[in-house]
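So the structure is just underneath, and the comments pick up after that.
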Amino acid sequence: MKAIVDCNSFYCSCERLFEPQLDQKPVVVLSNNDGCIISRTDEAKALGVGMAGPYFKAKNVIEQNSVSVFSSNYNLYGDLSRRVMQTLKEMVGENNVEVYSVDEAFLSLGEFANSNSDQLAMDIRKTVERWTGIKVSVGVAPTKTLAKLANYLAKKDKAITDCVTVLDTQQKIIHALKITDVKELWGVGRQYADKLKGLGICTAWDLYNLSEEWAHRCLGGVVGVRLIKELHGEESIIMEKELVNKKMIATTRMFGAPVASLNDIKEAVATYTSRAAEKLRRQQSAASVINVFVVPKEPSQTGRFRHGPSIGSHSILSTPSALTQDLIKPALQIAERIYEQGRSYKKAGVILSGLVPDNSIQANLFEPPSKNMGRYLMEMMDNINFSMRNDVVKFASSGTKRNWKMRQEFHSPRYTTRWEELYEVH
DNA sequence: TCTGGGGTCCTAGGACCC
DNA sequence: TCTGGGGTCCTAGGACCC
């Protein structure tokens with residue numbers, strides 16, 4: 097049996113942990129740049145605050161109902177996430193936990209669940225809450241896709257389920273499929289949902305009854321086949337062992353306000369490159385390809401604001417590198433190349449790919465001393481920036497004025513990861 | 001006026017090779 | 001001049017996830 101453990105309104109729950117007077121009160125957390133609502137509590141949902149909707153559209157409702165608003169505080173959420181995952185590992189064994197996202201983990205229950213899945217699932221839910229203060233929902237079923245379905249049902253009707261749903265018999269599974277809209281299934285997004293609806297396939301049960309051959313033809317090839325198999329209880333999406341290294345590392349941001357000057361664009365690109373290079377060194381990789389892109393301000397013709405047209409170009413490094421200074425140089429050259437005088441831009445990004453293990457440590461002996469200096473410099477910068485304040489030490493090309501910096505008007509303290517912001521009890 | 005920031009996998013098609 | 005039937009590798013783009 098598989099389980100999925102999913103934190104309820106995770107970012108909001110993290111904020112509430114340090115402001116307990118907000119329990120039972122509506123809370124929302126905004127995306128970077130305070131643009132979208134990316135987490136909301138049940139109370140906010142009941143007021144009609146949309147998920148993943150733009151903040152400005154919900155602003156009236158939010159102000160009229162005194163909804164508490166926070167900018168996203170990823171230092172805090174990341175730390176609390178680690179505590180939740182650690183709890184799960186202690187309960188079912190490290191090797192049986194697959195961290196799927198910051199607020200979700202799959203568990204392989206194996207023999208733990210043979211007799212009493214309900215009891216085990218409830219035990220997990222209660223223990224995580226007791227140890228970390230974070231409420232979670234648990235779904236249990238034979239496959240990951242069905243476990244996700246169970247979890248969806250657990251969250252949908254918390255008063256009845258107490259945040260736990262177990263689908264351990266064929267009858268329960270069939271009933272769950274029949275009462276669930278096909279668009280709620282894991283692996284069915286907007287495009288497929290619309291397509292399926294058009295064909296008269298409305299419930300998960302309707303999809304269950306289609307053949308693998310049909311899914312291969314109409315639902316993205318092998319991806320669709322896996323979905324059908326999973327619904328039938330056949331494990332087709334396997335558990336990943338340990339968190340493997342990223343194959344691509346990106347740092348991209350909207351600007352706080354549109355940016356027109358090349359200088360500001362270059363500062364932003366240098367800053368994002370530094371951040372991406374830090375992530376690169378953290379997983380001990382080096383990059384061989386660097387991609388820089390900008391998104392002009394003009395609204396997209398398609399009306400889809402998300403995947404608006406971006407203008408970018410890439411550069412291939414002669415030697416893969418993890419040193420910020422090696423990456424900033426080509427990044428800035430690309431920025432100059434793609435920038436057009438007279439336009440203004442709302443976003444820029446840096447993507448590192450072609451990642452390989454960073455073997456420059458071993459190569460040290462054979463390198464000129466200047467290269468070794470580069471490594472020491474990086475280590476020192478990373479350590480200082482990690483233990484003190486972000487960007488105490490940075491490259492001059494990152495700038496000091498930061499005209500492009502994103503908006504964050506409602507930021508809470510990093511209670512658990514910065515000494516000077518520790519929660520105080522008087 | 002104001003709409004995030006990451007990631008993954010898969011497929012099709014082109015370039016190139018023998 | 002005629003010209004088959006494989007392979008592989010890479011990239012762009014589409015779909016999905018949180």
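Reminder that position 114 of the first sequence reads as 210 in the working numbering, one-by-one numbering, no gaps.
In this text, a Cβ means the ideal position worked out from N, Cα and C, and glycines have one as well.
Computed from a predicted model, the values in this text were never measured in an experiment.
query: Using CA coordinates, which residue listed in Glu200, Val262, Ser168, Cys103 is at the minimum distance from Ser211?; result: Val262
query: On a Cα-Cα basis, can you pick out the residue from Ser197, Asn171, Leu172, Phe208 that is closest to Gly189?; result: Phe208
query: According to DSSP, which residues form a beta bridge with Met350?; result: Lys443
query: Count the other CB atoms within 10 Å of the CB of Arg112; is the residue buried (16 or more) or exposed (fewer)?; result: buried
query: Check for me: the beta strand (DSSP E) holding Lys98 runs from which residue to which?; result: 98–103
query: For Thr39 versus Leu245, is the C-beta distance shorter than 8 Å?; result: Given a span of 97 to 522 for the chain in the structure shown, any question on residue 39 remains unanswerable.
query: Would you say Ala418 and Leu376 are within 8 Å of each other, going by their C-beta atoms?; result: yes
query: For Val319, report the span of its alpha helix (DSSP H) as first-last.; result: 318–327
query: So, under 8 Å CB-CB, Ala272 and Cys259 are touching, yes? Tell me the CB distance rounded to an integer number of Å.; result: Actually they are not in contact, since the Cβ atoms of Ala272 and Cys259 sit about 16 Å apart, beyond 8 Å.
query: To the nearest angstrom, how far is it from the Cα of Ala201 to the Cα of Met477?; result: 33 Å
query: Let me know the secondary structure DSSP gives Thr398 once reduced to three states.; result: Only weak support is given to the placement of Thr398: the predicted model assigns it a pLDDT of 48, under 50, and the question is left unresolved by the model.
query: Expressed to the nearest angstrom, what Euclidean distance is found between the alpha-carbon atoms of Lys141 and Ser135?; result: 10 Å
query: What span of residues does the beta strand (DSSP E) with Ala255 cover, start to end?; result: Not the beta strand (DSSP E): Ala255 falls in the alpha helix (DSSP H), residues 254–257.
query: For the beta strand (DSSP E) that Glu200 lies in, which residues bound it at each end?; result: 200–204
query: Glu194 by DSSP, collapsed to three states: which one?; result: strand
query: CB-CB under 6 Å to Glu432, same chain, minus the five flanking residues each way: which ones, in chain order?; result: none
query: In chain order, what are the residue ranges of uninterrupted alpha helix (DSSP H) at least 4 long that sit wholly in the segment 136–184?; result: 138–142, 151–160
query: Just to confirm, are Gly94 and Ser384 a CB contact at a threshold of 8 Å?; result: Nothing in the structure corresponds to residue 94, since the chain is present only between 97 and 522.
query: Please state whether the Cβ-Cβ distance between Gln228 and Val193 is less than 8 Å.; result: Per the sequence presented here, residue 228 reads as Thr, with Gln not at that position. Not closer than 8 Å, so no.
query: Who does Val390 pair with in a DSSP beta bridge?; result: Ile407, Ala444
query: Assuming Ala311 is part of the beta strand (DSSP E), what are its boundary residues?; result: Premise fails: Ala311 lies in the alpha helix (DSSP H), 308–314, not in any beta strand (DSSP E).
query: Can you grab the Cα-Cα spacing for the pair Gly294 / Pro405, in whole Å?; result: 29 Å
query: Write down the C-beta distance between Arg528 and Glu517 rounded to the nearest angstrom, noting that I regard them as a contact closer than 8 Å.; result: The requested residue 528 does not occur in the structure, where the chain is confined to residues 97 to 522.
query: Just tell me which of Ile386, Asn479, Glu436, Asn499 has its CA closest to the CA of Gly445.; result: Ile386
query: Report the rounded CA-to-CA distance for Glu308 versus Val145, giving the unit in angstroms.; result: 39 Å
query: Measure how close the beta-carbons of Gly235 and Ala372 come, nearest whole angstrom, since I'm counting them as under 8 Å.; result: Between Ala372 and Gly235 the Cβ distance is about 35 Å, and since that is not below 8 Å, they are no contact.
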